[in-house]
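Numbering (UniProt numbering), first residue to last: 1 to 365.
What follows is the structure in structure tokens.
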């Protein structure tokens, strides 16, 4: 009997990534608040670029992404030669693990950190090492305590997903300064654009040869369906990552639309402003219903309930009324629901329904 091929050790231990749900059985016209998508969508300029790109689908894309890298560099004040582009920031994370971690190495991520850190580390054959957070905030001391001679990469999302919390610049600087030089510090800035004036870690990249910043077009730019991301680091690091990047990893359409999106600063400013307004409103509305949340710096609110039972009951109640939010038990937050900041009617509707649920439970009690 012919034997089946065996995967590399650790591959079958990887738990599949679970994206946010998009439908509810038996319910039509649902409002999806489970994937942190931008309710305003992409800019008109990005949509125009998408339509124009259709005329050149028979042409191979540019392999060096020069035009997009130049645009990103001009908008963010960065050196285009030190930028790498990928299929979402996920691909950049994968490149980093492939390039700098392997069997017998360790990759550190935090207690409630983005699940792709663990997945990418395991896929590279490295051992994922989880460290505790302090009340849903990254704890620099715990990270430093976990570092050993085997540690090769440390992942931090700032602002973090699914908590929405941030590490202050002073603490981030201390971490970058105190990490051994052989350890790569990855600052995942998927939600960085939602924080006014925040550089996502670019200034730390300038000062430290072992720091990498990653960003995405999936959130504030409203391009989640196209999957475009980028990274910024010292030239030597980018040279390493480019050696394992596929030459045609981004299509002509992705490149053209992303360039138009990043140059449309007015749209980004509008999205940031609207998100801040509705995020504050929703957090306050939930608090008035007895549902607390940490101050969020992203485009979602992590609502905390009494326990897992109540969180599940609220989730089911919302689904029955056509609202999909995100259960985050997989992130060790079973008593929480992550709620995307949608448009104003969606925010008001979800707050009203949670208040209705809490009121009905209170009346029943």
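Backbone N, C-alpha and C fix where the C-beta goes; we use that ideal spot for every residue, glycine too.
If you're wondering where the values come from, they're calculated on a predicted model, not measured in any experiment.
**Item:** Run of the beta strand (DSSP E) containing residue 188, from where it starts to where it stops
**Value:** Position 188 of the chain shown holds residue 188. Following the DSSP letters along the chain, one finds residue 188 inside the beta strand (DSSP E) bounded by residues 184-188.
**Prompt:** Considering only the beta carbon of each residue, do residue 126 and residue 145 sit closer than 8 angstroms?
**Reply:** On the chain shown, residue 126 is found 126 positions in, with the first residue counted as 1. On the chain shown, residue 145 is found 145 positions in, with the first residue counted as 1. Contact: no.
**Item:** Length of the line joining the Cα atoms of residue 90 and residue 261
**Value:** Taking the first residue of the chain shown as position 1, residue 90 is located at position 90. Taking the first residue of the chain shown as position 1, residue 261 is located at position 261. So the two alpha carbons sit approximately 19 angstroms from each other.
**Prompt:** For the region 230-241 against the region 75-87, are there 3 or more C-beta pairs whose distance is under 8 angstroms?
**Reply:** With the cut-off at 8 angstroms, the region 230-241 and the region 75-87 touch.
**Prompt:** alpha helix (DSSP H) containing residue 286: first to last residue?
**Reply:** Counting from 1 along the chain shown, the entry for residue 286 is found at position 286. 265-288 is the extent of the alpha helix (DSSP H) around residue 286.
**Item:** When 123, 104 and 109 are compared against residue 97, the one with the closest alpha-carbon
**Value:** Locating residue 97 in the chain shown gives position 97, counting from the first residue. It is 123 whose Cα lies nearest to the Cα of residue 97.
**Prompt:** Which value, in whole angstroms, describes the spacing of the CA atoms of residue 205 and residue 338?
**Reply:** One-based indexing of the chain shown puts residue 205 at position 205. One-based indexing of the chain shown puts residue 338 at position 338. Within the model, the alpha-carbon separation for residue 205 versus residue 338 is close to 30 angstroms.
**Item:** Nearest neighbour of residue 31, chosen from 80, 277 and 324 [CA to CA]
**Value:** In the chain shown, the residue the question calls residue 31 occupies position 31. With distances taken between Cα atoms, residue 31 lies closest to 324.
**Prompt:** Is it buried or exposed for residue 327, if we count other Cβ within 10 angstroms and need 16 for buried?
**Reply:** Sequence index remark: in the chain shown, residue 327 carries index 327 (1-based). Result: buried.
**Prompt:** Ends of the alpha helix (DSSP H) at residue 172?
**Reply:** Here residue 172 refers to the residue found at position 172 of the chain shown. Taken as a continuous stretch (DSSP letters only), the alpha helix (DSSP H) holding residue 172 covers 169-178.
**Message:** Using only the alpha-carbon positions, how far apart do residue 392 and residue 213 sit?
**Reply:** There is simply no residue 392 to check, as the chain begins at 1 and stops at 365 in what is shown.
**Item:** Distance between residue 219 and residue 100 (C-alpha atoms, nearest Å)
**Value:** As a position in the chain shown, residue 100 is number 100, starting the count at 1. As a position in the chain shown, residue 219 is number 219, starting the count at 1. Straight-line Cα distance between these residues: approximately 27 angstroms.
**Prompt:** Is residue 152 helix, strand or coil by DSSP?
**Reply:** Residue numbering aside, residue 152 sits at position 152 when the chain shown is read from its first letter. Strand, per DSSP.
**Message:** Looking only at its chain, what residues have a beta carbon closer than 8 angstroms to the beta carbon of residue 111, apart from the 5 residues adjacent to it on each side?
**Reply:** The residue given as residue 111 occupies position 111 in the chain shown. If you ignore the 5 residues before and after residue 111, its C-beta comes within less than 8 angstroms of the C-beta of 130, 131, 132, 133 and 332, all in its own chain and listed in chain order.
**Message:** Just to confirm the assignment: which complete beta strand (DSSP E) runs, minimum length 3, are found wholly within the region 227-270?
**Reply:** Under the rule that a run must span 3 or more residues, the beta strand (DSSP E) segments found entirely inside the region 227-270 read 229-232.
**Message:** Are the CB atoms of residue 5 and residue 343 within a distance shorter than 8 angstroms?
**Reply:** The residue labelled residue 343 in the question sits at position 343 within the chain shown. The residue labelled residue 5 in the question sits at position 5 within the chain shown. A distance of 8 angstroms or more separates the beta carbons of residue 343 and residue 5.
**Asked** With DSSP run on the structure shown, which of helix, strand or coil describes residue 164?
**Response** For the purposes of this step, residue 164 is taken as the residue at position 164 of the chain shown. The DSSP-derived three-state label of residue 164 is coil.
**Prompt:** residue 290 to residue 60, Cα distance in whole Å?
**Reply:** Numbered from its first residue, the chain shown carries residue 290 at position 290. Numbered from its first residue, the chain shown carries residue 60 at position 60. Between the C-alpha atoms of residue 290 and residue 60 there is a straight-line separation of about 55 angstroms.
**Message:** Helix, strand or coil, according to DSSP, for residue 111 in the structure here?
**Reply:** Against the chain shown, residue 111 aligns to sequence position 111. Three-state DSSP puts residue 111 in coil, outside helix and strand.
**Same chain, Cβ closer than 6 angstroms to residue 340, five either side skipped, listed in chain order** = As a position in the chain shown, residue 340 is number 340, starting the count at 1. Excluding the 5 residues flanking it on each side, residue 340 has same chain C-beta neighbours closer than 6 angstroms at 33, 36 and 300, in chain order.
**Request:** Taking residue 381 and residue 62 to be in contact with their CB atoms under 8 angstroms, please state how far apart those CB atoms are, rounded to whole angstroms.
**Result:** Summary: the structure shown does not reach residue 381, with the chain confined to residues 1 through 365, and so no result is reported for it.
**Asked** Excluding sequence positions up to five away, which residues of its chain have a Cβ less than 6 angstroms from the Cβ of residue 221?
**Response** The residue you call residue 221 lines up with position 221 of the chain shown. Excluding sequence neighbours, residue 221 sits near 261.
**Asked** Are the region 69-85 and the region 104-118 in contact at 8 angstroms, needing three or more beta carbon pairs?
**Response** Output reads no: the region 104-118 does not touch the region 69-85.
**Prompt:** Helix, strand or coil: how does DSSP classify residue 347 here?
**Reply:** If you number the chain shown from 1, residue 347 lands on position 347. Correct three-state label for residue 347: helix.
**Asked** Whose C-beta lies closer than 7 angstroms to the C-beta of residue 237 among residues of the same chain, with five residues either side of it excluded?
**Response** Along the chain shown, read from residue 1 onward, the residue named residue 237 stands at position 237. Excluding its 5 nearest sequence neighbours in each direction, residue 237 has C-beta neighbours in its own chain below 7 angstroms: 212, listed in chain order.
**Request:** Take the Cβ of residue 95 as the centre, count every other Cβ of all protein chains shown within 10 Å, and call the residue buried at 16 or more, exposed below.
**Result:** In the chain shown, the residue the question calls residue 95 occupies position 95. Burial check for residue 95: the Cβ neighbour count within 10 Å reaches 16 or more, so the residue is buried.
**Prompt:** In chain order, what residues of the same chain have a beta carbon less than 7 angstroms from the beta carbon of residue 70, not counting five sequence neighbours either side?
**Reply:** Here residue 70 corresponds to residue number 70 of the chain shown, with the count starting at 1. 80, listed in sequence order.
**Asked** Counting Cβ pairs closer than 8 angstroms, one from the region 301-313 and one from the region 237-248, do we hit at least three?
**Response** Counting Cβ pairs under 8 angstroms, fewer than three are found: no touch.
**Request:** For the beta strand (DSSP E) containing residue 215, list its first residue and its last residue.
**Result:** Along the chain shown, one-based indexing puts residue 215 at 215. Element bounds for residue 215: 211-216.
**Asked** Skipping 5 residues on each side, what residues in its chain have a beta carbon closer than 6 angstroms to that of residue 263?
**Response** Start at 1 with the first residue of the chain shown, and residue 263 comes out as number 263. Cβ within range, chain order: 71.
**Item:** Rounded straight-line distance, which links the Cα of residue 351 to that of residue 345
**Value:** Within the chain shown, residue 345 is the residue found at index 345, counting from 1. Within the chain shown, residue 351 is the residue found at index 351, counting from 1. Approximately 10 angstroms between the Cα atoms of the pair.
**Prompt:** Which residues share a DSSP beta bridge with residue 85?
**Reply:** As a working note, residue 85 is residue 85 in the chain shown. DSSP lists 230 as partners of residue 85.
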